[in-house]
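For reference, the structure discussed in these notes is given below.
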Amino acid sequence: MRTVYVFPAGDSTATAARLDRLMPGKDGYWSDGKLFIDFMDEQDDHLFLGWTPEDVRLLDSALGHRPAWALLVSVSSHIDGTAEIRALLSHVLEAGGVAIDDYSGHCWTLEEIDTGCKVDGLGFFDFRTHAARHGQQPWTIARASSGRQV
3 MRTVYVFPAG DSTATAARLD RLMPGKDGYW SDGKLFIDFM DEQDDHLFLG
53 WTPEDVRLLD SALGHRPAWA LLVSVSSHID GTAEIRALLS HVLEAGGVAI
103 DDYSGHCWTL EEIDTGCKVD GLGFFDFRTH AARHGQQPWT IARASSGRQV
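Residue numbers for the sequence shown, in the numbering used here: 3 to 152.
What follows is the structure, given as structure tokens:
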């Protein structure tokens with residue numbers, strides 16, 4: 003699975019209500035079978051476990067504060083997922099915030115995602131370019147369906 007951390011502006015209750023309108027969910031977990039969304043709280047889930055201090059500083063700088071919660075969105079390996087993750091972000095980042103994908107260290111705003119902005123030659127959720135840069139075959143539905151891990 004490919005993942006995206008999402009740090010929406012506003013409070014967690016409003017974001018949970020948006021997610022409840024979009025897909026089935028219960029107890030801080032939502033899924034439509036394509037996207038799997040976990041609510042992460044800094045106190046309970048060690049939100050920044052595994053993050054480098056520099057990555058946390060970049061996030062703090064992008065948001066102007068240290069967030070206490072986030073959404074961890076996992077994208078099914080059985081789909082491309084680009085359209086699905088963008089559709090989700092159009093709802094949960096509509097009031098502001100940022101998303102961070104597996105492929106760059108950039109904190110992406112919804113405007114940057116919607117306009118196709120590139121940072122260091124990568125767009126948001128740009129797994130194809132990332133794979134090419136690292137000498138890997140790009141992820142494809144056929145590869146995901148074959149049972150091979152990417």
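Glycine is no exception: its CB is placed at the ideal position from the N, C-alpha and C atoms.
From a predicted model like this one, the values you see are computed outputs, not experimental measurements.
Judged by DSSP secondary structure, R130 falls outside any beta strand (DSSP E) and instead within the alpha helix (DSSP H) spanning F129 to R135. In the three-state reduction of the DSSP assignment, S76 falls in the strand class. Distance from the CA atom of T17 to the CA atom of W53, rounded to whole angstroms, is 23 angstroms.
Assignment of beta strand (DSSP E) within the segment 75-111, counting only whole runs of 3 or more residues, yields 99-103 in chain order. For R4, the enclosing beta strand (DSSP E) stretches over residues R4 to P10. Beta-bridge annotation (DSSP): L37 is paired with V77. Between L73 and F41, the C-beta gap is smaller than 8 angstroms, which places the two residues in contact.
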